[in-house]
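Reviewing the structure listed below.
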Amino acid sequence: MQVYSIPINSDQREITHHGTSEFPIAVYETDLEKNVLGYVPWHWHEEIQFCYVVGERVCFHINHQKVVLEKDQGIFISSNILHMATPADGKGGVYVCMDVDPALLRGFGGSVIARRYVNPVLENKNRPCLYLWGKDGWEREAVASMKTVYDLYRKKGEGYEMDITIALLSLWKELYLRIREMAGTDADPVMTGRDNERIKQILSYIHEHFSEKITLEQIAGQVNVSRNECCRFFKRYMGCSIFTYLMDYRILKSTELLLATDWPVSMVASSCGFHTASYYIEQFRRKRNATPGEYRSGRR
């Protein structure tokens, strides 16, 4: 299954239902070139995430760090961590993603599995992610386990839920042991709690007011800093300017209206904060290499 966009709420939390309450895991392939924006925007979720690259290179952004992964290399992203995926070479980029509710690993509440092996990893904010380069044997085995899960999920044979759970627990055991070995070594820099809240406040304001005229003064006022400091802070953690992020978000929201309604392009433009239809069409074409009308026709 190809995912074309990721629905997120005002504080950047992904609101997709990953699997079911009975079996809380979602496994899917993402071709960034087919995504609405050409990349997966910043978001976070409570589920842990395993990814491995199957096509062109992918650049994963975790907090304010980024890494380029090649085919057959993978990554583990912990719970509640802001992340984004972009094409490493300007376009393309294909990877398999697995979103797993930690409850699938923990079992019943208060279990020894949860207390000793799952919670310590998720609560270790110095390790928001772990790269699987494929250089060590365990890293290759980890990616192989992900491929096994993907294959089991696609085929859905008799007892596949048990086979997937067994494969995930085996993968988690190796991950836990590796992170324990790394204790005391240089950790990946992460946002402080204060910075994380600031980012969420800025994003929440943009998401709630994207259809309006927004000034930099208004955004900076949400976190009580100067305009210059707000710009520096946002770019340091998000890797782009506030204006670029706002423009991308407006384009993203406009695509939802293009596909969900029959509104004329001018109405879509004004509903998403663009002062003229011509400016909207220009910006849309720049992002998607097509006009809004062409995009709508091609997706219906």
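Note that the UniProt record's numbering numbers the sequence shown so that position 186 is 186, with each residue one more than the last.
Glycine is no exception: its CB is placed at the ideal position from the N, C-alpha and C atoms.
Check	Outcome
Quick check: the region 41-59 against the region 87-101, are at least 3 beta-carbon pairs closer than 8 Å?	yes
Please determine, among I166, E139, I75, the residue with the shortest C-alpha to C-alpha distance to R106.	I166
Between which residues of its own chain and Q201 is the CB-CB distance below 7 Å, once the five residues before and five after are set aside?	Q222, V223
Please state the DSSP three-state secondary structure of F233.	helix
Between the region 208-215 and the region 169-179, are three or more C-beta pairs nearer than 8 Å?	no
State the Cα-Cα distance for the pair L122 and F60, rounded to the nearest angstrom.	19 Å
Between V96 and the ligand HEM, is there a pair consisting of the residue's CB and a ligand heavy atom that are separated by less than 6 Å?	In terms of ligand content, the structure shown is empty, and the ligand HEM therefore cannot be addressed.
Identify which residue in F76, E229, H275 has its Cα closest to the Cα of R198.	E229
Using beta-carbon positions only, say whether I75 and Y131 come within less than 7 Å of one another.	yes
If you measure between the beta carbons of L257 and V268, is that distance less than 7 Å?	yes
A144 to S266, Cα distance in whole Å?	49 Å
By how many angstroms is the C-alpha of G55 removed from the C-alpha of T30?	10 Å
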